[in-house]
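Colleague: My questions all concern the structure below.
Numbering (the numbering used here), first residue to last: 657 to 1058.
Right under this line is the structure:
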């Protein structure tokens, strides 16, 4: 059986369309066939992880069994006790496979961990989220079937968006009424069509046609360290647009497919380049990831620092939270200097933005604020974000050090 990567070619979409037709008919007639949904997910998981990806498929099975046993064990324990030590141990164990996968290429360049597979990061976010919600008491019991449906929901398995267990469970167990499902179908078609434009037209234009040419131009005219030629500047803008259209296009495909399957997966992008500051940008860019880090890392760290009275300075606590949050996000992307620099860049920038917003609030009568200043803020934010994406791309590493 051929290996097909999610939303990568016409064959995938033809098989996807054929597989979804019975589900559409069922929903329009007020019926939900969970068995058939499971069969569709299984077929597509086989298509994704068959062939030369078969080892990743085995790793996926082992990973899901491991995380399922861990979450089940912690859920049983949490019904009786609530030790912080055991909670921390459960979280550490849940993220350990991902840590191993990230460290192996760093320790042994050119090799990949045998336990790695496409989508391990996003499944780890789901698993850790379940453990944290179990600690909070939001999840009362472990339901193996729903756990498997949640973890192995094929439309979002490789690159998100990152759903939350309770939200997914609510959608999965209900049958949307006919009018609401017709509305969902309309949104699904819109997302799929927009996804085609984003990923296969604009993403192809910026990523395949323009980006290699600009990379060649930049490398041919490179100077010394910190030299930023017109080729590099052009690469910066084109890479940023390619990154957005490619990833947003993929997300639109995943969301559209989810809607057809009766699951209203959260959106991932909301006009991020129209943001007037970096805080607003992270409320619009890769939203399910940024909200996951905000809810499960930043807010919990801030609460911990305040509870243990590490300092009474709330601004300092917030800044420590930002530094931790974005450095972790940088390390999550990979153990290279440019990913870590990318995280540190955003941490410093968001701290400075907070300083400016506090100053602006205190002196609002003296500071001009109108649509033109808003346009200027959007322009400045867009350019700074593009520079951060240039760091993120790793192109400067090739330009300066190779």
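Idealized CB from N, CA, C, for every residue including glycine.
Less than 7 Å between the beta carbons of residue 895 and residue 1049, yes or no?
Modeller: Here residue 895 refers to the residue found at position 239 of the chain shown. Here residue 1049 refers to the residue found at position 393 of the chain shown. Contact flag set, yes.
Colleague: Between the C-alpha atoms of residue 936 and residue 1037, what's the straight-line distance to the nearest angstrom?
Modeller: Taking the first residue of the chain shown as position 1, residue 936 is located at position 280. Taking the first residue of the chain shown as position 1, residue 1037 is located at position 381. Approximately 10 Å, taken between the alpha carbons.
Colleague: What three-state label does DSSP hand residue 1039 in the structure shown?
Modeller: Translated into the one-based positions of the chain shown, residue 1039 becomes position 383. Three-state DSSP puts residue 1039 in a helix.
Colleague: Thinking C-beta only, is residue 994 closer than 7 Å to residue 1053?
Modeller: As a first step, residue 1053 is located in the chain shown; it is residue number 397 there, counting from the start. As a first step, residue 994 is located in the chain shown; it is residue number 338 there, counting from the start. The answer is yes: Cβ separation under 7 Å.
Colleague: Indicate whether the contact test is met: 3 or more Cβ pairs, each with one atom in the segment 1006–1022 and one in the segment 887–903, closer than 8 Å.
Modeller: no
Colleague: For residue 847, collect the residues of the same chain with a Cβ closer than 8 Å to its Cβ; drop the 5 residues on either side in sequence, then sort them by chain order.
Modeller: Numbered from 1 along the chain shown, position 191 holds the residue referred to as residue 847. Annotation for residue 847: 908, 909, 911, 912 and 915 place their beta carbon closer than 8 Å to its own, counting only its chain and skipping 5 residues before and after.
Colleague: Apply the 10 Å Cβ neighbour rule to residue 805 and answer buried if 16 or more other Cβ atoms are within range, or exposed otherwise.
Modeller: Here residue 805 refers to the residue found at position 149 when the chain shown is read from its first residue. Classification of residue 805: buried, given that the 10 Å Cβ count is 16 or more.
Colleague: Does DSSP classify residue 716 as helix, strand or coil?
Modeller: Stepping through the chain shown from its first residue, residue 716 is reached at position 60. In this structure, residue 716 counts as helix in the three-state DSSP scheme.
Colleague: I need the DSSP call for residue 985, collapsed to helix, strand or coil.
Modeller: Residue 985 sits at position 329 when you count from the first residue of the chain shown. Here residue 985 sits in helix by DSSP.
Colleague: Return helix, strand or coil for residue 1019, following the three-state DSSP convention.
Modeller: Working through the chain shown from its first residue, we reach residue 1019 at position 363. Residue 1019 falls in the coil class under three-state DSSP.
Colleague: Would you give the residue range spanned by the alpha helix (DSSP H) that residue 913 belongs to?
Modeller: Residue mapping note: residue 913 aligns to position 257 of the chain shown, counting from 1. That run of the alpha helix (DSSP H) goes 886–916.
Colleague: Please state whether the Cβ-Cβ distance between residue 792 and residue 859 is less than 7 Å.
Modeller: As a working mapping, residue 792 is identified with position 136 in the chain shown. As a working mapping, residue 859 is identified with position 203 in the chain shown. It is not a contact, given that the beta carbons lie outside the stated cut-off.
Colleague: Would you call the segment 863–872 in contact with the segment 935–949, where contact means no fewer than 3 C-beta pairs closer than 8 Å?
Modeller: no
Colleague: Since residue 850 contacts residue 807 with CB under 8 Å, what's their CB separation in whole angstroms?
Modeller: Position 194 of the chain shown, counted from the first residue, corresponds to residue 850. Position 151 of the chain shown, counted from the first residue, corresponds to residue 807. Not confirmed; about 27 Å, so no contact.
Colleague: Measure the C-alpha to C-alpha separation of residue 917 and residue 942 and round it to an integer number of angstroms.
Modeller: Here residue 917 refers to the residue found at position 261 when the chain shown is read from its first residue. Here residue 942 refers to the residue found at position 286 when the chain shown is read from its first residue. CA-CA distance, residue 917 to residue 942, rounds to 22 Å.
Colleague: Considering only the beta carbon of each residue, do residue 1023 and residue 1016 sit closer than 7 Å?
Modeller: Start at 1 with the first residue of the chain shown, and residue 1023 comes out as number 367. Start at 1 with the first residue of the chain shown, and residue 1016 comes out as number 360. Yes. Within cutoff.
Colleague: Just verifying my parser: in three-state terms, what is the DSSP assignment at residue 971?
Modeller: For the purposes of this step, residue 971 is taken as the residue at position 315 of the chain shown. Helix, per DSSP.
Colleague: Does the segment 787–803 touch the segment 715–733, meaning 3 or more C-beta pairs lie closer than 8 Å?
Modeller: yes
Colleague: Compute the Euclidean distance between the alpha carbons of residue 818 and residue 787, then round it to the nearest angstrom.
Modeller: Indexing the chain shown from 1 puts residue 818 at position 162. Indexing the chain shown from 1 puts residue 787 at position 131. If I take the Cα positions, the gap works out to 15 Å.
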